[in-house]
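Residue numbers (our numbering): 2 to 130.
Glycine included, every Cβ here is placed at the ideal spot set by N, Cα and C.
Since the structure is predicted, the reported quantities are computational estimates derived from the model, not experimental observations.
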Amino acid sequence: MSNRAQDWLRQALRDLEQAEDSRQAQRHEWACFAAQQAAEKAVKALHLNFGQEAWGHVIARLLGELPESVDVPDELVDKGRVLDNFYIPSRYPNSHSEGAPFEHYGRLQSEEAIRYTREIIEFVRSQMA
């Protein structure tokens with residue numbers, strides 16, 4: 002079976018582009034979700050790079066399940082936790098006590114999500130090099 006790590010990383014980069022496009026269009030909830038997806042796929046690429054399969058959507062956990070030989074900074078795990086909060090609430094109205102998801106996300110959240118995702122992708126690239 003072939004190693005699909007590069008495919009996952011390339012899709013992560015495309016998802017990051019989608020996050021940036023959504024932010025520019027002021028669709029901040031979609032920017033946050035796309036950023037979360039990009040980070041998740043990048044970390045899964047790193048798992049595949051090491052011959053591991055990874056399941057689930059929790060970036061912080063996925064980072065923690067990398068091989069012990071990978072030194073994941075605690076700060077990066079914390080940034081993964083921030084991104085994890087965008088997986089469901091950015092899409093579903095019943096994730097908030099009131100209001101549609103787009104009413105709960107703005108420029109600050111989408112910029113932070115994109116910045117954190119870029120950091121995770123750069124970490125993944127450095128480990129795959």
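What residue range does the alpha helix (DSSP H) around residue i cover?
| i | result |
| --- | --- |
| Arg-24 | 6-25 |
| Asn-50 | 29-50 |
| Val-71 | Where Val-71 is concerned, there is no enclosing alpha helix (DSSP H), given that its DSSP letter is neither H nor E. |
Quick one: is residue i buried, meaning 16 or more other Cβ sit within 10 Å of its Cβ, or exposed?
| i | result |
| --- | --- |
| Ser-91 | buried |
| Phe-93 | According to the sequence as given, residue 93 is Tyr; it is not Phe. Result: exposed. |
| Asn-50 | buried |
| Arg-108 | exposed |
Do residue i and residue j have their C-beta atoms closer together than 8 Å?
| i | j | result |
| --- | --- | --- |
| Ala-36 | Leu-10 | no |
| Val-59 | Asp-85 | yes |
Below 8 Å on the Cβ atoms is my guess for residue i versus residue j; work out the distance and round it to an integer in Å.
| i | j | result |
| --- | --- | --- |
| Thr-118 | Ala-20 | 7 Å |
| Leu-67 | Leu-47 | 6 Å |
| Ser-23 | Ala-32 | 4 Å |
Subject >> Contiguous alpha helix (DSSP H) assignments of at least 4 residues, all confined to the segment 57-124 >> reply: Within the segment 57-124, the complete alpha helix (DSSP H) runs of at least 4 residues are 60-65 and 75-85.
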